[in-house]
Structure formats: structure tokens, C-alpha cells
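Protein chains in written order, with the numbering used here: chain A, 1 to 98; chain B, 1001 to 1633. Written out below as C-alpha cells is the structure these notes cover.
Printed below as a string of C-alpha cells:
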């Protein structure tokens, strides 16, 4: 049964990564990141459920809390960028080009 | 006070003066105050050195009278460079023996007199220049005395280089004059050529014996343990003496060194520093005596140098250059004496020559000071205007020519006798011919300068007392020195130097004295005929000698040869180094920089600035790591 959870988590992680890599909209990229983080959460909970003990749950609670703050900060940054540059398209945000 | 303490006191005087003048610029720039400091330093050295030499002389005489000749060497050393094992790698200290004491007395005396004389001679110099002069003088006196008392080759070499430095600084005292600056550099270069050999010899000798110490080396040679290649080592060490004591073929720097102030020429380039090479051979004599081949080289080179320099002196117009070539010639005598095995005669000639040649230089300085030229042909009849100077100059000349009641006679006679008794016929003939030439060129200078038919312009007059008193003292010594030919206060000079009881200067066969004095008088008479009576035309003499005089005027082309060799070698080396630098070194650097620039231009394209591209990179890298990990682990 563990395998099923892990496959689900792997699929979610891959979908999230695909989203992060391919979406051009910054909000879309953040959504992808959420998927990847939750895939990790599923892993943790699954391992906890199948024998690793209470640590996985505790860690998951932490991750959820941190994810919330991360989204809050990330969205705030996106809004600030939009105000300054009038765009949130990742392809147009290339100030670091060599 | 013991002997080493006295020796340290001798060193302390000039060292203190040099330190004070070197570290206290206001004192130095005060000029005459600096001179007083320097004179005080050398005065301490002089008193201590005279005390030392009189003590050793009396102690030696007493030991002889009691029928034994104890060794009178005392070495006091401190460890300097440490190494594993019982003995240090090198030491510093003083090595006091009769030779060092006598030499120290000569150095301190002449240095003191020259410094006194310089007060008058350089009176017109600005105070700062005068202070600089006395700083160098003190430093030189310290360095020369340190060389004399050195207990090992390494310390001797350090002071050897230090006197070379002082010589360079003092030749270039008038550094605004290009000729003086060039002469200083030339003297430095030519003597360094010999010093390379000297250093190499010291290090090789150390490699073979494991020590720099004189007493250890002398004991080893005395007990018969001679390193295999001792001849090579001593030949290299002798090379240092060749450079310093202006032996052929490295004598070319000494005449040019006359660009320095005349008192400097008297002290450094006549009486003391140039005799350091002779002193070196005398100091290391037990080592040289163990390799007769090198002694043979020394005697031939010495005799040839004496003769060659005498022929060069004959053609000079500059009074200082005459004296300079004469110094080279007399150094040849000293070396020949050492090479022939008569240590006593060589060292005695060193000391006596120190007195009368310093006298001649200082008297010539008085003349130059009065008439403002070095050209003897612009002088004449100065004996009327400067009778005292003329008198002391003639005394010095008679001493140098070896005319009997004067000091040079004793030592020169002993050298000729020693060379004859050693069976060296060739060097003897050269040296005997030099006696004639010496008298000729010196009296040529005397007649041209002080007598003759021309009259010098201006209003020359005898120098002030501060310059005259050293001249009187040196003149007296040039006469009194003759006493050293026999026994003084119970012992002869060779006995003093540590010879066995009854050791005396060689006398040679009975015909020797008449022949050598006759040769000297013949030179005198010829000079009188040519330059005083003008009964024989100088031009006719020159014509009779064919192309030789013109050739001699060029220094036999040696200078031109060295210049060409030096220029050729340095230019060739310069071109080679330049080519390597331009094409090899620069090539590597250029390729490296071009490659870096090119790589940077290519690599900057990777930095797109888009965060997702970097993430692609991270993902791909992670995947690669995972794949490889799966494959290999």
C-alpha cells in the first residue's frame, strides 16, 4: 500500500515540477511549487502511517505552516513585481542576464 | 685588557662613529661636527691598535729572549650561524695575531691622518657633503679593521664586501661628475668579478673541510690533512685577491678610481683597501703554502703586474694616475714576495708602502689643491712656491724608488732577495727592471711638478697646518721605517710575525744591493736628463720605442678589450633574454589571457537571467546524479 502513496506523491511532484518549469506566469509557478510541497507532505504522512512513527506527522504540520507563509510572501513579491514592471511573465524578468 | 678586548676596542671606535653619523642625520649634516665624531672614533682605534701592536712586539721579544716562540694567536668567537652538531656553522669574533695587529695599526694610523688631512682638503665642500664623507670614512675604517681581525673566511668576506662598498661610495663622492660615477661602478664591477671566485672558493673549502675558521684550517693543514682539491679552492680565493689588489688582468679599475677625492685615493686605493688582497694571502698563508703551484702563479702574476703597471705609469700625464699605476706595481711586488715564500718581506713592504704611498698621494693632493689641475704638464717649478710639499714628496719618492736611507729600500731589497733565493729568475728580472722604471716615472713626476723649466700659473702655496702635519708625520715614518730592516727592541720583523728565532729578511747575494740601488739611480739620472736638463728629448725616447708608447697610452688595449667583451656579452645575453621574454614568457601570458577572455565571452551566454532556465539546470543535474548513482552504486 505504501507504494501506491509513493507513486501518487511522485506523480504529484512531477506534475508540480512540470508546472514550475513550463508556466510563464509567476502565479502559475507558485501553484506548481505548492503541488511539489504537498507531494512531499504525502510522502511524510505515508511513511509515518506505515511505521516511521509520529515524526512524519509533526514534520508535516511544520511544512504546512511554512508553506502558508511562503505563499503569503511569494504572492506579495509577485504583486510588488507587477506594480513595478507591469508584468508577471517569468520570461520578461531577466535582470540577472550575463 | 686582554688582546681580544683591545681588538674589540679598535673596532668599537669607528663603528660607534659610523653608527652615530649614520643614525643621526642632523649630526651628519653639521659637517665639521661629523668630522670631529669620526676623528674621535678613529683616534680610539689608533690608540688601541698601537697599544696592541706594542704589546705584541714586546711580548714576542720577551718570549724570544727566553728561548721560546709561543704561538701568539688568540681567537675569541661567538656562535653566529648554528647547525646540528657540536660546532656552529659560522662564528663572529676577533682573531688577534702579530700580522693583524700590525695591519690594524697601519689602517688606523693612515685613516686617522687622512681624516685629519681631509678637514683641510674638503674645507670648501658644503656641510652635508662633508658629513656624508666622514660617515663613509668611519664606515670604511670599521670595515677594514673588521676585515683585519676576522677569525674566519666568512666574516672576512662580509667585511671584504663592506670595504668594497665604501670604496664605491667614496670613488663616487663627486657623483655629479659622470666620470666619477662611471669609475665607481667600474671599480665595483671589476672587483666583484674577483669576489665571485673568492666566495666560490670559501664555500668549496667549507664543503671539503666543514669549517670557515682560520685556526681550525691552519691546524688541519699543519697536521698534514690537506683536502684533495685545495689547489682549486686556493686559486679561487686568490682570484678575490687579484680583483681587490688590482693584479693583472683585473688591475684596470684602480687608475679610474682616482676620480675620488685625493685623500680617499691615499687611504683606500693606496694604503689600505687595495692591500686587503695581499693581506688575504698573508692571512691564509699556511693554506697557500700547502699548494706550491698557486704560489708559483702568484709570484709570476705579481712580477708581471709590477712590470706592466710600471710601463703604464711612465706614459701618464695625470699625477694621480702615475701614483695609481705605481700602487698597482707595488702591489705586484708584495704579491711576488708572498708567492716566493718571503712572508716577512711582503708584509713589511705592505706596511712601509702604506706610509710612503699615502704620503705621496696626500702631497699630490696638496699640489692639486693649490694648482687646481691633475695634469703634471700644467705644473712646474712648484718647489719654489711649495717648498714643504716638495720636500715631503721627494722623501716619498725616494722611499718608493728604494734609495738607501729611506724605508722602501729595505722591503724592496728583501723582496728582490727573496725572489732570487727562491730561484725564480724570470720574476726577478721583471722586478729588477721595475726598480729602474719606478725610479724613472717617479722622478719624471717630481721634475715635471716641482722643478723643470715651466712655471705653474696662479699663486700656489703650501697647504695649511691641518693638511701639512699628516704629511710631516708620514714623511718621518717613511724615513724611520728603514729601522724595521734590522732588529728593533729585541726582534726582527719576521720574528715578530711568528717566524722562528733568528728569522730575518732575506739579504740575497752580495751584488744585489749595488745592482738594485744602481738601477734606481739610473732611473733617477735618466729622468733628470730628460725632464730637468732636457739633454735627451722625450720625443726621441718615445720614437725609439716605436708603437709601444701609443699602445701603453691605451692601457695596452685591455680596457677596450674588456669593454668590447662586456658589451658583446651583455648585449648578446640581453638579446637572448629579450627574445625569451617577448616570445616565450609573453606568449604564454597572451595565450592565457586570450583564452580566458574567449571562454568568458562564451560562458556568459549561459547566464540568461531567467529563473526557470536555472531550474532546468538544477533538475537536469539532479537527474544525471540519480542516473549515475543508480548505474554505479
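All C-beta atoms in this analysis are idealised placements derived from N, C-alpha and C, irrespective of residue type, glycine included.
For a Cβ distance threshold of 9 angstroms, nothing in chain A lies close to residue 1596 (chain B): the least Cβ distance comes to about 15 angstroms. Checking the DSSP bridge columns, you'll see residue 1093 (chain B) partnered with B:1077. Within chain B, the residues placing a beta-carbon under 7 angstroms from that of residue 97 (chain A) are 1607, 1608 and 1609, ordered along the chain.
With its beta carbon at least 9 angstroms from every one in chain B, residue 81 (chain A) lies outside the interface. Cβ proximity to chain B below 7 angstroms picks out nothing from the stretch 27–60 of chain A. Runs of the alpha helix (DSSP H) lying entirely within the stretch 1217–1297 of chain B and spanning at least 4 residues, in chain order: 1230–1244, 1253–1256, 1262–1266, 1276–1283 and 1285–1289. Using a Cβ-Cβ distance cut-off of 8 angstroms, the stretch 1253–1271 of chain B and the stretch 1220–1229 of chain B are not in contact, since fewer than three pairs of beta carbons, one from each stretch, lie closer than that value. Residue-level contact by beta carbon fails for residue 6 (chain A) and chain B, as no gap is shorter than 9 angstroms. Contact annotation for residue 91 (chain A) against chain B: 1610 and 1612 [CB-CB distance below 9 angstroms, chain order]. Distance from the CA of residue 1282 (chain B) to the CA of residue 1564 (chain B), rounded to the nearest whole angstrom, comes to 35 angstroms.
Interface residue (Cβ-Cβ distance to chain B less than 9 angstroms): residue 2 (chain A) is not classified as such.
Between residue 1399 (chain B) and residue 1478 (chain B), the C-beta gap is smaller than 9 angstroms, which places the two residues in contact. Between the beta-carbon of residue 1363 (chain B) and that of residue 1497 (chain B) there is about 30 angstroms, and that puts the pair past the 8 angstroms contact cut. The beta-carbon of residue 1615 (chain B) is placed less than 9 angstroms from the nearest beta-carbon of chain A. Contact between the stretch 1392–1406 of chain B and the stretch 1352–1361 of chain B is present: 3 or more CB-CB pairs across the two stretches fall below 8 angstroms. Residue contact with chain B for residue 20 (chain A): present (Cβ-Cβ distance below 9 angstroms to some residue of chain B). DSSP, reduced to helix, strand and coil, places residue 1534 (chain B) outside both helices and strands of the structure shown, so it counts as coil.
In the structure shown, the three-state DSSP call for residue 1581 (chain B) is helix.
Contact between residue 1237 (chain B) and residue 1290 (chain B) does not hold, since their C-beta atoms are separated by about 13 angstroms, which reaches or exceeds 8 angstroms. Residue 1427 (chain B) has its alpha-carbon roughly 18 angstroms from the corresponding atom of residue 1245 (chain B). Ranked by Cα distance from residue 1380 (chain B), the first of B:1548, B:1215 and B:1445 is B:1445.
When C-alpha distances from residue 1106 (chain B) are compared across B:1090, B:1156 and B:1145, the shortest belongs to B:1145. Considering only B:1294, B:1298 and B:1372, the residue with the shortest C-alpha distance to residue 1458 (chain B) is B:1372. Between the stretch 1120–1134 of chain B and the stretch 1056–1063 of chain B, the count of C-beta pairs closer than 8 angstroms stays below three; the two stretches do not touch.
The three-state reading of DSSP puts residue 1491 (chain B) in strand, counting E and B together.
Excluding sequence positions up to five before and after residue 1163 (chain B), its CB lies within less than 7 angstroms of the CB of 1140, 1143, 1144, 1147, 1273 and 1276, all in the same chain and listed in chain order. What residue 17 (chain A) touches in chain B, judged by beta-carbon distance under 8 angstroms, is 1619, going in chain order. Cα atoms of residue 1529 (chain B) and residue 1541 (chain B): separation of roughly 12 angstroms, rounded to the nearest angstrom. DSSP places residue 1375 (chain B) within a strand segment (E or B) once states are collapsed to three.
Contact check between the stretch 1243–1258 of chain B and the stretch 1305–1325 of chain B: three or more CB pairs, one atom from each, fall below 8 angstroms, which counts as touching. Within the stretch 1455–1486 of chain B, the complete alpha helix (DSSP H) runs of at least 4 residues fall at 1465–1480.
Nearest to residue 1360 (chain B) by alpha-carbon distance, out of B:1166, B:1395 and B:1577, is B:1395. In the same chain as residue 1609 (chain B), and ignoring 5 residues on each side of it, no C-beta atom comes closer than 6 angstroms to its own.
Per DSSP, residue 1393 (chain B) is one residue of the alpha helix (DSSP H) stretching across 1387–1401.
If the five residues before and after residue 1492 (chain B) are omitted, its C-beta is found closer than 6 angstroms to the C-beta atoms of 1504, all from its own chain and listed in chain order. Contact fails between the stretch 1021–1041 of chain B and the stretch 1079–1089 of chain B, because fewer than three Cβ pairs, one in each stretch, are under 8 angstroms apart.
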